[in-house]
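All letters in the sequence shown, in the order written, are residues 4 to 62 by the working numbering. Heads up, the beta-carbon is just placed ideally off N, CA and C, and yes, glycines get one too. These numbers come from a predicted model, not from an experiment.
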Amino acid sequence: MPIVHVEMIEGRSKEQKEGLIRDVVKAVETHTGAPKEAVTVIINEINKENIATKGEYHG
């Protein structure tokens, strides 16, 4: 059973997340042969205030 973890900054709509999940599941099906019923996608949304890149805080 493939499990895919996606981490992204919060703020996407439900529709955007549903589209992402559909595409991720399709890619896993295509490249592993696992049926979509066996694929789990977990989205972890990160608060923008908890992000820093290139040594710079962006909150």
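### Query
Hey, is the stretch 12 to 30 in contact with the stretch 40 to 48, meaning 3+ C-beta pairs nearer than 8 Å?
For the pair of segments examined, the stretch 12 to 30 was found to touch the stretch 40 to 48: the number of CB pairs separated by less than 8 Å reaches three.
### Local conformation of E13 per DSSP, three classes
As a first step, residue 13 is located in the sequence shown; it is residue number 10 there, counting from the start. E13: coil per DSSP, three-state reduction.
### Query
Quick one, which of E10, P5, Y60 and M11 has its alpha-carbon nearest K29's?
For the purposes of this step, residue 29 is taken as the residue at position 26 of the sequence shown. Closest in C-alpha terms to K29, from the list E10, P5, Y60 and M11, comes P5.
### Task
Determine which residues share a DSSP beta bridge with V44 and list them.
Sequence index remark: in the sequence shown, residue 44 carries index 41 (1-based). In the DSSP output, where bridge partners are listed per residue, V44 has V7.
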